[in-house]
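J.:
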Amino acid sequence: MLSRLSRPQAVAVCAAPVVALLATAAFAPLPFSVAQPGMTANVLGENKGDPVITITGAPTHATRGELRMTTIEATSPDARVSLPDVLDSWFRTDRAVMPRDSVYPSGDTVEEIERHNTEQMKESQDAAAEAALNYLGLDSDDVEVTLKLADVGGPSAGLLFSLGVVDKLDRRDLTGGRTIAGTGTIDPSGRVGAVGGVALKTQAARRDGATVFLVPEAECSDARSELPEGLRLVPVTTLKGAVGALVALESGKGGVPSC
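Using our numbering, the first residue of the sequence shown is number 396, and each one after it goes up by one.
#1: Closest to serine 646 by CA distance: which of Val476, Thr504, Thr570 and Pro446 is it?
#2: In the DSSP assignment, the beta strand (DSSP E) including valine 447 goes from what residue to what residue?
#3: Please state whether DSSP places glutamate 514 in a helix, a strand or coil.
#4: By the 10 Å Cβ neighbour count, where 16 or more other Cβ atoms means buried, how is phenylalanine 556 classified, buried or exposed?
#5: Using a threshold of 8 Å, state whether the C-beta atoms of proline 432 and leucine 595 are closer than that.
#6: I'd like the list of long-range same chain contacts for threonine 513, defined as Cβ closer than 6 Å, with 5 residues on each side in sequence excluded.
#7: Among Val607, Glu518 and Cys654, which has the Cα closest to the Cα of leucine 641?
#8: Quick one: residues in its chain with C-beta nearer than 7 Å to the C-beta of glycine 604, no 5 flanking neighbours on either side, listed in chain order?
#9: Cβ of phenylalanine 427 versus every heavy atom of the ligand SAH: is any distance shorter than 7 Å?
#10: Secondary structure at glutamate 441, three-state DSSP: helix, strand or coil?
#11: Ignoring anything shorter than 4 residues or poking outside the region 530-564, list the alpha helix (DSSP H) runs there in chain order.
#12: Within 10 angstroms of the Cβ of methionine 464, are there 16 or more other Cβ atoms? Answer buried if so, exposed if not.
#13: Count the other CB atoms, across all protein chains shown, that sit within 10 Å of the CB of proline 479; report buried if there are 16 or more and exposed otherwise.
#14: Just to confirm before moving on: does the CB-CB distance between proline 611 and valine 638 stay below 8 Å?
#15: Just curious, the beta strand (DSSP E) that threonine 597 is in, first and last residue?
#16: Use the C-beta contact count for alanine 421: other C-beta atoms within 10 angstroms, 16 or more gives buried, fewer gives exposed.
#17: Which residue wins for smallest C-alpha separation from serine 428, given the options Ile467, Val492 and Thr466?
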C-alpha cells in the first residue's frame, strides 16, 4: 500500500503511530510525585488552638523566639502526574520531582499511607520526648510530655520536638529570640537522622521568618543546593550537638558548625 503513496504521504502514515504514542506518553500518569515547600509550625507555641508541647511533673520556663518544624507538600498518592507536570517542575527551584515510592513507600491506598504516616508521627513524638528527658537527666515516670501537631505525619519533626521540650525545661535560652527552623528524625538516644526534601524545607523556613536552619549533617549538600539568602545552615548529628550549637549561637561563645 505504501508504494502507491507519495513520499510525504508515506512519511505521514508512518509517523502517525509515533505521534500517537508520544501523545499518549505525554499525558499518561507517571510514577512520580511533585513536591513543594510546605507548612511550618512553631513547636514552642500553639497549633490550631492547642499547645504543641504540654509538660507535667516538672517546672517549665518561659521561652523566647520560635522553633519551627518544617514540611514539604507533595501531590497526593492518588494524583495523576503527567510528563508536562514533570517537565514544568523539573526546571523550578521551588518544586522537586521525586519517585512516588520515595514519598509514599508504605502502601498503595490513601488510607494505608495516612495510617502509616500517623504511626510514624506517634513513634517520632515518643522518641523525641524520651530523647529530651534522657538529655536532661529526668525520669519519664515523673515527667510527662505530650506532643500534639495536627495534620502532619511522618518522623521528620523529631529533632524540633526534642529541642522544644529541652527549651521549656532547661533554664538556658536556645533561640535567643530568633526564629530557628530545622528538620531531622531522632531516636531515644538523641541521634539525629536524615529525612529528605531539605532543599524545599529551607525555602519554607525562610518564607516563615527563620534565619537559622538545623539540618542533619549528611544532608548539608542538599540543603545548600537551593539555600535562600539570609538563612544560616547548622549541621547536627545529635540532640546534644544541636543544643550546644544553639547555646553557642545565642551566647556568642564557642564555635557554631556550618555546612
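Note that CB positions come from ideal geometry on N, CA and C, so glycine has one too.
T.: Taking the structure as given:
#1: Thr570
#2: Valine 447 -> no beta strand (DSSP E), and no H or E assigned at all.
#3: helix
#4: buried
#5: yes
#6: Gly548
#7: Val607
#8: Thr574
#9: Here there are no bound small molecules, and the ligand SAH is not part of this structure.
#10: strand
#11: 553-564
#12: buried
#13: exposed
#14: no
#15: Careful: threonine 597 lies outside any beta strand (DSSP E), inside the alpha helix (DSSP H) at 593-602.
#16: Caution is warranted here: a pLDDT of 47 is assigned to alanine 421, below 50, making its placement in the model unreliable, and the coordinate value is therefore given only provisionally. Exposed is the call here.
#17: Val492
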